[in-house]
Amino acid sequence: MTDSTDSPARTEINAALFCHYADTAFVTGALRDCLGAPFLITDDDTLLPQIPPERRCRFATLGLDALPVEPADAFHKARAQVSGLSGLDAILIDMSWALTAMMGVAAIETWGMVAEQVSSETGLPVVSIYNQDRLIEEQLQAALRAHQQFIAPSGLYENPYWMPRELLTASTLDEQLGFMLGRVVPDFAGQTFFRTFDKAAARGASPHWLDEDSATMGATGAHGRWQIHCLGQLRVYIDGHRAVDWRTEGGAPKKTKTLFAYLLNAGEKGAHADQIGELLWQDTGTEKTKRSRLHHTVAMLRKALDSQEAVLRNGDYYRLNVPRGSLIDVTTFEQLCRRGLSLARHGQEDLALSVYFEAERLYAGDLFEDLPREYLVTETEDWIMPRRTWLREMAMRLHFDLSKLLRRYRRHGEALKWALRAVAIDPTSEAANAETMRVFHAMGRTDAMHRQYRQYRTALADLGESKEGVEIRAVYDELCRSLDRLTPSQRKTKELVLR
69 MTDSTDSPAR TEINAALFCH YADTAFVTGA LRDCLGAPFL ITDDDTLLPQ IPPERRCRFA
129 TLGLDALPVE PADAFHKARA QVSGLSGLDA ILIDMSWALT AMMGVAAIET WGMVAEQVSS
189 ETGLPVVSIY NQDRLIEEQL QAALRAHQQF IAPSGLYENP YWMPRELLTA STLDEQLGFM
249 LGRVVPDFAG QTFFRTFDKA AARGASPHWL DEDSATMGAT GAHGRWQIHC LGQLRVYIDG
309 HRAVDWRTEG GAPKKTKTLF AYLLNAGEKG AHADQIGELL WQDTGTEKTK RSRLHHTVAM
369 LRKALDSQEA VLRNGDYYRL NVPRGSLIDV TTFEQLCRRG LSLARHGQED LALSVYFEAE
429 RLYAGDLFED LPREYLVTET EDWIMPRRTW LREMAMRLHF DLSKLLRRYR RHGEALKWAL
489 RAVAIDPTSE AANAETMRVF HAMGRTDAMH RQYRQYRTAL ADLGESKEGV EIRAVYDELC
549 RSLDRLTPSQ RKTKELVLR
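Numbering-wise, the sequence shown is residues 69 to 567 according to the working numbering.
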């Protein structure tokens with residue numbers, strides 16, 4: 069394997085290959101120097117089928133079939149697998165195992181360090197193969213941080229965003245800056261850019277003389293990172309696994325949790341103390357009393373998050389100080405829905421289904437559904453309901469899109485499940501009810517189709533609406549006309565899939 073002409077030669081290759089799995093010419097062209105005697109880790113028998121079975125292994129063999137991944141365990145298993153093979157010239161891994169919502173980002177970053185270590189100890193190139201059709205933005209960003217090089221048919225290229233694991237886990241910011249500068253300007257390579265006489269000495273104007281957390285540049289170290297699940301019950305995990313317990317001694321759990329959600333929603337600008345007081349202590353106590361209670365609740369939230377820096381105050385404003393690299397399920401959910409829709413529109417139904425199912429697993433319910441109702445709105449602010457409604461509509465669309473795709477595959481039982489879930493989210497949705505009627509029609513369940521239409525009209529009437537929508541009426545009439553053209557036996561057995 070050779071580097072591109074403008075890249076320095078390296079002894080370690082921890083490369084990422086971004087490709088469409090169906091584009092076999094691109095894949096084999098990029099890996100042409102690796103296909104002499106490779107070792108492939110994949111569960112996909114159609115990926116690089118020219119590699120024989122004795123040089124392939126499943127994800128479970130390396131413990132990659134369940135997240136989170138233990139880096140040391142994965143490394144030892146990978147080393148054991150390749151140690152018994154002679155004449156290897158590369159290790160290839162299908163990264164489909166890591167393309168899991170939320171936890172996938174940390175998995176990709178973890179694998180990057182494992183791949184670097186495997187390449188360093190074995191002297192073999194390690195190429196991580198990403199299915200470009202499945203990637204969402206967060207996962208691509210993680211891959212940019214995880215791999216030392218990029219590989220393509222045109223050659224091997226150094227990744228300007230990558231840093232070695234020893235710099236990520238045990239270095240100062242000036243050492244990281246010096247490394248980054250040395251990659252751009254060869255004169256500085258291997259130098260310490262800042263003259264440091266004492267590692268414990270103060271630097272610049274920073275008051276944090278002894279900062280135990282390594283700063284990172286171009287990467288988001290996993291230490292202290294939060295995983296925030298807002299869909300369904302609000303859950304927060306520190307370091308990806310330690311659940312935040314809102315029931316701090318001396319605190320009010322519902323108020324503590326609501327304060328977290330409110331500050332999260334406020335973003336970087338934060339929220340004014342008066343706004344928070346109006347939310348949590350509506351029509352109770354004086355402003356002075358509310359401020360005192362707020363001070364106590366902020367202290368309880370910091371305690372729950374195990375950090376005094378978790379909530380910052382600037383004058384009368386409070387801001388949630390979310391660690392760099394933290395993940396929020398709402399963002400991932402939106403990215404997955406958009407990706408699935410794009411794949412479906414371009415005729416890649418199989419990939420769209422897998423992405424949609426990932427999004428569905430992430431949608432655990434309404435946004436902040438366990439927050440007390442009295443905290444959802446004040447006299448002056450409706451801070452959560454518009455966003456909750458928008459996400460609910462997105463989930464409904466996800467469910468009936470799943471139904472449409474499954475119906476095309478004639479998997480009508482599964483399609484019906486998702487169509488009915490869409491209707492359960494919004495019984496008055498024209499699109500959801502129309503899709504449910506189409507599924508019943510395709511299954512030959514004409515009575516159920518008619519009943520679904522009646523239930524839709526009843527739901528409208530309950531809201532004071534007397535007339536159904538034009539589009540759903542047109543769908544219903546179309547389905548009824550198709551039934552008129554069939555014999556009684558055909559109505560029971562013929563499967564009609566209306567797009």
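Yeah, the Cβ is synthetic: ideal placement off N, Cα and C, and Gly gets one too.
Since this is a predicted model, take the numbers as computed values, not measurements.
With burial defined as no fewer than 16 other Cβ atoms inside 10 Å of the residue's Cβ, what is the status of Thr-178: buried or exposed?
The residue you call residue 178 lines up with position 110 of the sequence shown. Label assigned to Thr-178: buried.
Please return the same chain residues whose Cβ sits closer than 7 Å to the Cβ of Ser-187, not counting the five positions on each side in sequence.
Translated into positions along the sequence shown, residue 187 becomes position 119. Closer than 7 Å at the Cβ level, and outside the excluded window around Ser-187, lie Glu-80, Ile-81, Asn-82, Pro-193 and Val-194.
Distance, Cα to Cα, Met-462 vs Gln-350?
Translated into positions along the sequence shown, residue 462 becomes position 394. Translated into positions along the sequence shown, residue 350 becomes position 282. When rounded, the distance between both Cα atoms is 32 Å.
Taking the DSSP output, what are the residues bridged to Asp-162?
Taking the first residue of the sequence shown as 1, we reach residue 162 at position 94. In DSSP, Asp-162 forms a bridge with Ile-197.
Quick check on Asn-501: does DSSP put it in helix, strand or coil?
Start at 1 with the first residue of the sequence shown, and residue 501 comes out as number 433. Note: Asn-501 maps to helix in three-state DSSP.
Given 8 Å, three or more beta-carbon pairs between the region 458-477 and the region 400-417
Counting Cβ pairs under 8 Å, three or more are found: they touch.
Using a threshold of 8 Å, state whether the C-beta atoms of Leu-369 and Thr-399 are closer than that.
As a working mapping, residue 369 is identified with position 301 in the sequence shown. As a working mapping, residue 399 is identified with position 331 in the sequence shown. No, these two residues do not count as a Cβ contact at 8 Å.
How many Å lie between Phe-94 and Leu-85 at the Cα?
Translated into positions along the sequence shown, residue 94 becomes position 26. Translated into positions along the sequence shown, residue 85 becomes position 17. Near 10 Å, if we compare the C-alpha coordinates of Leu-85 and Phe-94.
Between Thr-504 and Leu-528, is the Cβ-Cβ spacing less than 8 Å?
As a first step, residue 504 must be located in the sequence shown, where it is residue number 436. As a first step, residue 528 must be located in the sequence shown, where it is residue number 460. No, these two residues do not count as a Cβ contact at 8 Å.
For the beta strand (DSSP E) that Gly-223 lies in, which residues bound it at each end?
In the sequence shown, counting from the first residue as 1, residue 223 sits at position 155. From DSSP, the beta strand (DSSP E) with Gly-223 extends over 223-226.
Contiguous alpha helix (DSSP H) assignments of at least 4 residues, all confined to the region 84-119:
Segments of the alpha helix (DSSP H) lying fully in the region 84-119: 92-98.
Nearest-angstrom Cβ-Cβ length linking Gly-338 and Arg-387, presumed shorter than 8 Å:
Mapped onto the sequence shown, residue 338 falls at position 270. Mapped onto the sequence shown, residue 387 falls at position 319. About 3 Å separates the two Cβ atoms, so the contact holds.
In three-state DSSP terms, what is Ile-81?
For this step, residue 81 is matched to residue 13 along the sequence shown. Coil, per DSSP.
Three-state secondary structure assigned by DSSP to Trp-486:
What you label residue 486 is simply residue 418 of the sequence shown in a count that begins at 1. Reduced to three states, the DSSP call for Trp-486 is helix.
Give the range of the alpha helix (DSSP H) segment to which Trp-294 is assigned.
Indexing the sequence shown from 1 puts residue 294 at position 226. Run containing Trp-294: none in the alpha helix (DSSP H); it sits in the beta strand (DSSP E), 294-297.
Where does Asp-279 sit, in a helix, a strand or coil, going by DSSP?
Sequence index remark: in the sequence shown, residue 279 carries index 211 (1-based). Legend: pLDDT at Asp-279 = 30, less than 50; position of this residue unreliable, no value from coordinates given.
Under the three-state DSSP convention, the category His-340 falls into:
One-based indexing of the sequence shown puts residue 340 at position 272. Three-state DSSP puts His-340 in a strand.
Backbone CA spacing between Arg-513 and Trp-486 [nearest angstrom]
The sequence position of residue 513 within the sequence shown is 445, counting from 1. The sequence position of residue 486 within the sequence shown is 418, counting from 1. Near 17 Å, if we compare the C-alpha coordinates of Trp-486 and Arg-513.
In chain order, what residues of the same chain have a beta carbon less than 7 Å from the beta carbon of Ala-142, not counting five sequence neighbours either side?
Counting from one through the sequence shown, the residue named residue 142 turns up at place 74. Contacts found: Leu-130, Gly-131, Leu-132 and Val-182.
How far does the beta strand (DSSP E) with Ser-220 in it reach, from first residue to last?
Translated into the one-based positions of the sequence shown, residue 220 becomes position 152. The sequence shown places Ala at residue 220, rather than the Ser named in the question. Per DSSP, Ala-220 belongs to the beta strand (DSSP E) from 217-220.
Runs of alpha helix (DSSP H) lying entirely within the region 407-435, each at least 4 residues, in chain order
Within the region 407-435, the alpha helix (DSSP H) runs of at least 4 residues that lie entirely inside it are, in chain order, 417-430.
Would you say Ala-320 lies against chain B (beta-carbon separation less than 8 Å)?
Considering every chain present, this structure includes no chain B. It has just one protein chain.
Grouping DSSP H, G and I as helix and E and B as strand, with all else coil, what is Asn-389?
Numbered from 1 along the sequence shown, position 321 holds the residue referred to as residue 389. In the displayed model, Asn-389 falls within coil according to three-state DSSP, outside both helix and strand.
Just verifying my parser: in three-state terms, what is the DSSP assignment at Arg-549?
Counting from 1 along the sequence shown, the entry for residue 549 is found at position 481. It is helical.
Quick one, are the C-beta atoms of Gly-537 and Glu-498 less than 8 Å apart?
By 1-based counting over the sequence shown, the position of residue 537 is 469. By 1-based counting over the sequence shown, the position of residue 498 is 430. Yes; because the gap between Cβ atoms is below 8 Å, this pair is in contact.
Tell me where the beta strand (DSSP E) around Ile-204 begins and ends.
For this step, residue 204 is matched to residue 136 along the sequence shown. Run containing Ile-204: none; DSSP gives neither H nor E here.
Compute the distance between the beta-carbons of Ile-452 and Leu-430, then report whether it is under 8 Å.
Numbered from 1 along the sequence shown, position 384 holds the residue referred to as residue 452. Numbered from 1 along the sequence shown, position 362 holds the residue referred to as residue 430. Cβ distance not < 8 Å, so Ile-452 and Leu-430 don't count as in contact.
So Ser-394 packs on Arg-303, CB below 8 Å; how close in whole Å?
As a first step, residue 394 is located in the sequence shown; it is residue number 326 there, counting from the start. As a first step, residue 303 is located in the sequence shown; it is residue number 235 there, counting from the start. Taking C-beta atoms under 8 Å as the contact rule, Ser-394 and Arg-303 fail to qualify, at a distance of about 13 Å.
Can you give the Cα-Cα distance for Pro-106 and Thr-92, rounded to whole angstroms?
The residue labelled residue 106 in the question sits at position 38 within the sequence shown. The residue labelled residue 92 in the question sits at position 24 within the sequence shown. If you take the alpha carbons of Pro-106 and Thr-92, they lie about 17 Å apart.
Using 10 angstroms around the beta-carbon of Arg-202, count the other beta-carbons present and answer buried if the total reaches 16, otherwise exposed.
One-based indexing of the sequence shown puts residue 202 at position 134. Answer is buried; the Cβ neighbour count reaches 16.
Close-in-space but distant-in-sequence residues of the same chain around Ala-432 (CB under 6 Å, 5 per side omitted):
Against the sequence shown, residue 432 aligns to sequence position 364. Once the five neighbours on either side are set aside, the close Cβ partners of Ala-432 are Leu-299 and Gly-300.
Tell me Tyr-305's beta-bridge partners as DSSP assigns them.
Your numbering for residue 305 matches position 237 in the sequence shown. DSSP lists Gln-295 and Ala-311 as the bridge partner or partners of Tyr-305.
Pull up the distance between the alpha-carbon of Asn-501 and that of Asp-438, whole angstroms please.
Position 433 of the sequence shown, counting from 1, holds the residue named residue 501. Position 370 of the sequence shown, counting from 1, holds the residue named residue 438. Rounded to the nearest angstrom, the two C-alpha atoms are 28 Å apart.
So what does Ile-396 bridge to, in DSSP terms?
By 1-based counting over the sequence shown, the position of residue 396 is 328. Ile-296.
Whole angstroms is fine: what's the gap from Ser-550's alpha carbon to Glu-417's?
For the purposes of this step, residue 550 is taken as the residue at position 482 of the sequence shown. For the purposes of this step, residue 417 is taken as the residue at position 349 of the sequence shown. Going from the Cα of Ser-550 to the Cα of Glu-417 covers about 27 Å.
Reference Arg-455; option with closest CA among Arg-489, Gly-415 and Ala-334:
Locating residue 455 in the sequence shown gives position 387, where the first residue counts as 1. For the residues Arg-489, Gly-415 and Ala-334, the minimum Cα distance to Arg-455 belongs to Ala-334.
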